[in-house]
DNA sequence: TGTGTGTGTCCGGTATTTCAGACAGTATGT
DNA sequence: ACATACTGTCTGAAATACCGGACACACACA
């Protein structure tokens, strides 16, 4: 939906992508997988070729290699492909290579069960915020979010914590200007955002509401590495009309559990 | 340790693996990821180069590309790398692309909780059996197994179900001869194995004990695709001394749940 | 101090792979 | 019936990614 913006934006000065650019197979693989992740559904080879702007013949070859390796697999009967079994195994290996992850998972399970609210594990991916894992509330109506979707950092509570090791200048350089513009057109003032970060750094938590959407109240608490760095956050996503007493109760619980999961004191 | 055999061995007659085999980057990537999966721990670039039998310079380049893409990430401070965040996301996407998976996960959680036994989701990967997911018993001593480890098919109960669509000849062609040899030296007779498969096909379940190891009793029930094909099995791993009445009780429960998860009748 | 082993980077040549385009086959719409 | 659009496979040829090997550096051991 937003992909042929390439042409439009690139038009003015930079010859961004000419047709004939020979690229490495590896790079194509990486682009392919990321495109598929963004697409969030099985796709046909021809479409993939367009998505990553690669020749069809090349794309076929790559896709076939990945199919052989089970990194992709055929879905349905009409040439759609999506991630395959091997990806599941690689991902699982990533998740479990340290015992720490087990504890995080258990905590998320427990919190989701106890509170009945949506619990998320969040981190950064490049200069975007991303949901790494998610436990939903069991009710018929739930606020859920897909793991892997990328969101501008300023839209999120977690983002304020995840940037708290940066200086103001570093933050300014790190965040694309357009990421300060919310979906409804409002723009977050850079100074206010920097103040939020400083605030989050001091308090050891962060709360936002009505940023990414109008109906959620988000609270995030840091999971610190041994070094003290914050690479992930634990996060509760509440309906915006959750009453204040319950909110502070939940915030306290969230902070407590995050503290227990941290490898360094909060 | 076995890598400079190239020169020595190659001399007499067989050019088993000559040093100079140029390979595509893509293939290297695939080999690298699978090697890392088998290794099950972070590894250094030099070691990876040996594992996949690739030139060091090439390996460095590939690893750096994958690091940039977050498909790998640095672990610790001394040059170890392992799967990265992107892999987690790709794997998650694989797991959740169909609603079916949600139900399977829920069922595994429920069964693990109710029975207190180890529950596994199993499938094939090439001509090996592989654990796709696993819920452990909560007790202090548990029979657990790692997701992603590959095991010869004849060693497993699930394997008998997963081959039940094949003719005898197909099975014979599919299973490497050496896979009939158990770890303790015993050899499974091919005919007995084929009979087991036929049996599993008729009964709609399969049980084994004392094959892969001496202390487990495994029972597997098929998860059928819409087409009727069996691509995955649900599996209970019990201590071998579990009394018979409880075994049949658990088997019945297992079959019932597998039937509910199947997209075609069992 | 010297010897051995391993790391991370760089370079130039060539064996290979990517690419463009053509092809036959199939589905869709007019 | 024709036209259009897409799929999956092949081909030759040019561009280049991979390789071997060299380098500087770091660490361990004797």
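Protein chains in written order, with our numbering: chain A, 3 to 268; chain R, 3 to 268.
In this text, a Cβ means the ideal position worked out from N, Cα and C, and glycines have one as well.
Taking C-beta atoms as the reference points, residue 181 (chain A) and residue 155 (chain A) count as a pair closer than 8 angstroms. Rounded to the nearest angstrom, the gap between the Cα atoms of residue 246 (chain A) and residue 88 (chain R) is 37 angstroms. Shortest Cα-Cα distance from residue 234 (chain A) to any of A:242, A:241, A:223 involves A:223. From the listed residues A:32, A:133, A:96, A:23, the smallest Cα separation to residue 237 (chain A) is found for A:133. What residue 113 (chain R) touches in chain A, judged by beta-carbon distance under 8 angstroms, is nothing: the nearest beta carbon there is about 16 angstroms away. The distance from the Cβ of residue 39 (chain A) to that of residue 150 (chain A) is about 6 angstroms, consistent with a contact at the 8 angstroms cut-off.
For residue 240 (chain R), there are no neighbours in chain A by C-beta distance under 7 angstroms, as the nearest C-beta there is about 23 angstroms away. In this structure, residue 84 (chain R) lies near residue 74 (chain R), with their beta-carbon atoms less than 8 angstroms apart. Taking C-beta atoms as the reference points, residue 249 (chain A) and residue 113 (chain A) fail to come closer than 8 angstroms. For residue 261 (chain R), the closest of R:136, R:105, R:168, R:195 by C-alpha to C-alpha distance is R:105.
Look at residue 225 (chain A) here: in three-state DSSP terms it is strand. Residue 82 (chain R) sits close to residue 44 (chain R), with the two beta carbons spaced by under 8 angstroms. Neighbours of residue 71 (chain R) in chain A, taken as residues whose beta carbon is under 7 angstroms from its own, are 32 in chain order.
Neighbours of residue 94 (chain R) in chain A, taken as residues at a C-beta separation under 8 angstroms, are given in chain order as 93, 135, 149, 150. Under the 8 angstroms criterion on CB atoms, residue 27 (chain R) is classed as interfacial with respect to chain A. Apart from sequence neighbours up to five positions away, the residues of its chain that approach residue 163 (chain R) with a beta-carbon distance below 6 angstroms are 202, 208, 222, 224, 232, 235, ordered along the chain. Cβ contact annotation for residue 54 (chain A) (same chain, cutoff 6 angstroms, sequence separation greater than five): 33, 34, 37, in chain order. In the DSSP assignment, residue 209 (chain R) is bridged to R:221. The Cβ atoms of residue 27 (chain A) and residue 24 (chain R) lie no closer than 8 angstroms to each other.
Here residue 205 (chain A) is exposed: its Cβ has fewer than 16 other Cβ atoms, across all protein chains shown, within 10 Å. A direct Cα-Cα distance of roughly 28 angstroms separates residue 124 (chain A) from residue 64 (chain R). Interface annotation for the segment 76-107 of chain R against chain A: 77, 84, 85, 86, 87, 88, 89, 90, 91, 92, 93, 94, 95, 96, 97, 98, 99, 100, criterion Cβ-Cβ distance under 9 angstroms. When DSSP states are grouped into helix, strand and coil, residue 167 (chain A) belongs to the coil group.
Under the 8 angstroms criterion on CB atoms, residue 125 (chain R) is classed as interfacial with respect to chain A. The Cβ-Cβ distance between residue 136 (chain A) and residue 120 (chain A) falls below 8 angstroms. Residue R:264 holds the alpha-carbon nearest to the alpha-carbon of residue 229 (chain R) among R:217, R:72, R:264, R:239. In the three-state scheme derived from DSSP, where H, G and I count as helix and E and B as strand, residue 99 (chain A) is classed as coil. Per DSSP, reduced to three states, the secondary structure at residue 119 (chain A) is coil, with no helix or strand assignment. Ranked by Cα distance from residue 252 (chain A), the options A:118, A:56, A:215 are led by A:118.
Taking 8 angstroms as the CB threshold, residue 67 (chain R) lines the interface with chain A. At a C-beta separation below 8 angstroms, residue 44 (chain A) has these neighbours in chain R: 99.
The beta-bridge partner set that DSSP reports for residue 130 (chain A) consists of A:127, A:154. Rounded to whole angstroms, residue 211 (chain R) and residue 178 (chain R) show a C-alpha spacing of 21 angstroms.
For residue 76 (chain A), the uninterrupted beta strand (DSSP E) segment begins and ends at 74-77. Straight-line spacing of the CA atoms in residue 76 (chain A) and residue 101 (chain A) works out to 34 angstroms. Proximity of chain R to residue 184 (chain A) at the Cβ level (cut-off 8 angstroms) is not reached, the minimal Cβ distance being about 24 angstroms.
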